[in-house]
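There are 2 protein chains.
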Amino acid sequence: MSSSSAAPAAKPPMRDALVAAAFQLFLERGYEQTTVDDIVTLAGVGRRSFFRYFPSKEDVVFPDHERCLADMSTFLTESAEDDEPVRRVCDAARLVLRMYAENPAFSVQRYRLTKKVPGLRAYELSVVWRYERALAAYLRGRFAGRPDGTLRADVVAAAVVAAHNNALRSWLRSDGKGDAGVAVDHALGYVQAAFGRPAHPRAITPLPEAGPAASGGERAEHPDDVVVLVTRRDAPLWRVVQEFETTLGRA
Amino acid sequence: MSSSSAAPAAKPPMRDALVAAAFQLFLERGYEQTTVDDIVTLAGVGRRSFFRYFPSKEDVVFPDHERCLADMSTFLTESAEDDEPVRRVCDAARLVLRMYAENPAFSVQRYRLTKKVPGLRAYELSVVWRYERALAAYLRGRFAGRPDGTLRADVVAAAVVAAHNNALRSWLRSDGKGDAGVAVDHALGYVQAAFGRPAHPRAITPLPEAGPAASGGERAEHPDDVVVLVTRRDAPLWRVVQEFETTLGRA
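The listed protein sequences derive, respectively, from chains Z and L. Using my numbering, read the first sequence as starting at 1 and increasing by one per residue. Using my numbering, read the second sequence as starting at 1 and increasing by one per residue.
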């Protein structure tokens, strides 16, 4: 398990060199045809250095997931009682997006590689599963004692992961063009509208602005927050205006 | 690929004998310690018979998933235009439950085995993923052309699978006691309430400022639809009203 909040600059250069060498070889000769020996030879280090950083060849393809899982776990543990739980797990999912968006070229390369190699797709499924269980475990704690607490926790966690991955994969398929943060915010907004606190049919839920990992909670300090207003299609206009004003504290 | 709708009675007895022999050995000496040779020796058949039915040792643990995936695919293909899509995928998920509930003792045995063997858990994740993609593919077709069609399809498919598995696993953990069908109906009812037609939110209609993927789409056919309006917190009221009216086709 790597340290939980290492800044990119603090990564050991040897680790970066191993990742770079591995990807150069994966692209040149294919993933299956590349051995750990090939990677360490190109990087100019010994085999033991490789295994100090990566338990297996698969792990060098996803070098930052362990750190990201640890960051997510810390983020969820530090949640306050008055954090709205669905918003909190959406913010936790944004940590994953941030990891991908830190290095678009690398993320797009890896996406293409993963699509081609069944073993890597299986590895990725297991990583996605670990993220989903981390979100579900947090929600199960928050929903404990409520009717259908574990059911709601599992469904919301799965919905958050699916929404995040829908937006992430669109962005990866577009070769990392456009703003991944905006796309993910939109997708997570859909899940918050379906499951977030002030229930139907008139929920108004502030979303953090496009930036990843914005922590929620605050209200009017950020005039450029996004507001999601849910209402019945046949609601009279005066009612919509009233809800909007009340929620923003303008009324 | 087995035939798509073989009734249990039509299964070849040799296939059943192989499954029974495999599980007897898995329970006696452990999954990893059991070879395909051990299984065929106990079943009194040749190696080629084993591989006629099962591509690998993992497949004998989940002998009915291929048939169930084929049944699900047929069921979704035969869907009519006026089937409510979310209800249809919930009914498709019930096919999986039925497979487990056909033989509770075997399902509980396998559940315990799968929890202990990492390779089987990875295999199971890949099977769950295939069910989820089958549901999502159907929903993507039904939601084609609607705003956020693929997003909604992916989120609903993930929610259905999570709800189904939450109820299924509770039932398996209780050693197959109680009525699995009732538990799964309840869990799927939660998803239908969140996403199904007559109930809660349906149309997500972002304002230009907020959504990356705001495309128009269907309008006022359903007066009890829920409208989701996304706007910046500092948007002037007249602008919100204008967007609301325009979106509903009232302006």
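Idealized CB from N, CA, C, for every residue including glycine. What you are looking at is a predicted structure, and each value in this text was computed from that prediction instead of being measured.
Where F195 of chain Z meets chain L, residues with beta-carbon distance less than 8 Å = A194
What are the residues of the stretch 151–162 of chain Z that lie near chain L, defined by any Cβ-Cβ distance shorter than 8 Å?
-> L151, R152, D154, V155, A157, A158, A159, V161 and A162
Proximity of R130 of chain L and L69 of chain L at Cβ, strictly below 8 Å | yes
Compare the C-beta of Y190 of chain Z against all C-beta atoms of chain L and say whether one is closer than 8 Å.
-> yes
Once you ignore the five residues that flank A22 of chain L on each side, which residues in its own chain have a CB closer than 6 Å to its CB?
-> I39 and V60
Between V45 of chain L and the rest of its own chain, which residues show a CB-CB distance below 8 Å, the 5 nearest in sequence each way excluded?
-> M14, A17 and L18
Do V108 of chain L and D175 of chain L have their CB atoms nearer than 8 Å?
-> yes
Cβ neighbour criterion (16 or more within 10 Å) applied to Q252 of chain Z = Limits of chain Z in this structure are 1 at one end and 251 at the other, which puts residue 252 of chain Z out of reach.
Close-in-space but distant-in-sequence residues of the same chain around E81 of chain L (CB under 8 Å, 5 per side omitted) | none
Beta-carbon gap between A101 of chain L and L151 of chain Z smaller than 8 Å = no
Check whether E132 of chain Z and A157 of chain Z have beta carbons under 8 Å apart = yes
Contact check, A159 of chain Z vs A159 of chain L, beta carbons under 8 Å = yes
So with Cβ pairs under 8 Å, would you call S126 of chain L a contact of chain Z?
-> yes
Indicate the three-state DSSP secondary structure (helix, strand or coil) for V45 of chain L in the structure shown.
-> coil
Applying the criterion that 16 or more other CB atoms from any shown protein chain within 10 Å of the CB defines a buried residue, is V86 of chain L buried or exposed?
-> buried
Would you mind working out which of Z:S170, Z:L139, Z:V127 and Z:T114 sits nearest H32 of chain Z, comparing C-alpha positions?
-> Before going further, note that residue 32 of chain Z is Glu rather than His in the sequence given. Of the listed residues, the one whose Cα sits closest to E32 of chain Z is Z:T114.
Measure from the C-beta of N103 of chain L to each C-beta in chain Z and report whether the shortest distance is under 8 Å.
-> no
How would you list, in chain order, the residues of chain Z whose beta-carbon sits under 7 Å from the beta-carbon of W129 of chain L?
-> L125
Quick one: is K116 of chain Z buried, meaning 16 or more other Cβ sit within 10 Å of its Cβ, or exposed?
-> exposed
CB contact check: A187 of chain L to chain Z, cutoff 8 Å = yes
So is A122 of chain Z in contact with chain L if we call contact Cβ pairs under 8 Å?
-> yes
Span separating the alpha-carbon of R98 of chain L from that of K177 of chain L = 15 Å
Going by C-alpha distance, which of L:V96, L:L95 and L:L135 is nearest V89 of chain L?
-> L:L135
Please decide whether D148 of chain L counts as near chain Z, where near means a Cβ-Cβ distance under 8 Å.
-> yes
In chain order, what residues of the same chain lie with their CB nearer than 7 Å to the CB of R140 of chain Z, ignoring the 5 residues before and after it?
-> G149, T150 and A153
Unbroken alpha helix (DSSP H) runs of length 4 or more, entirely within the stretch 30–111 of chain Z: which are they?
-> 36–43, 47–53, 57–61, 65–77 and 85–102
Residues in its own chain within less than 7 Å of V36 of chain L by CB, not counting five upstream and five downstream?
-> R47, F50 and K57
Buried/exposed call for L27 of chain L, threshold 16 Cβ in 10 Å = exposed
Taking the alpha-carbon positions, what's the S170 of chain L to R52 of chain Z distance?
-> 40 Å
Which residues in the same chain as D64 of chain L place their Cβ atom closer than 6 Å to its Cβ, once the five residues preceding and following it in sequence are excluded?
-> M99
By Cβ distance below 7 Å, which residues in the same chain neighbour G196 of chain L in space, the five residues on each side in sequence not counted?
-> E84, V86 and R87
Whole-Å CB distance - Y190 of chain Z paired with A162 of chain Z, under 8 Å assumed | Not confirmed; about 10 Å, so no contact.
From what residue to what residue does the alpha helix (DSSP H) around G181 of chain Z run?
-> A180 to F195
Under a three-way DSSP split, which group does V155 of chain Z fall into?
-> helix
Between the CA atoms of D71 of chain Z and T77 of chain Z - distance to the nearest angstrom = 10 Å
Straight-line CA distance for A105 of chain L to P55 of chain Z?
-> 38 Å
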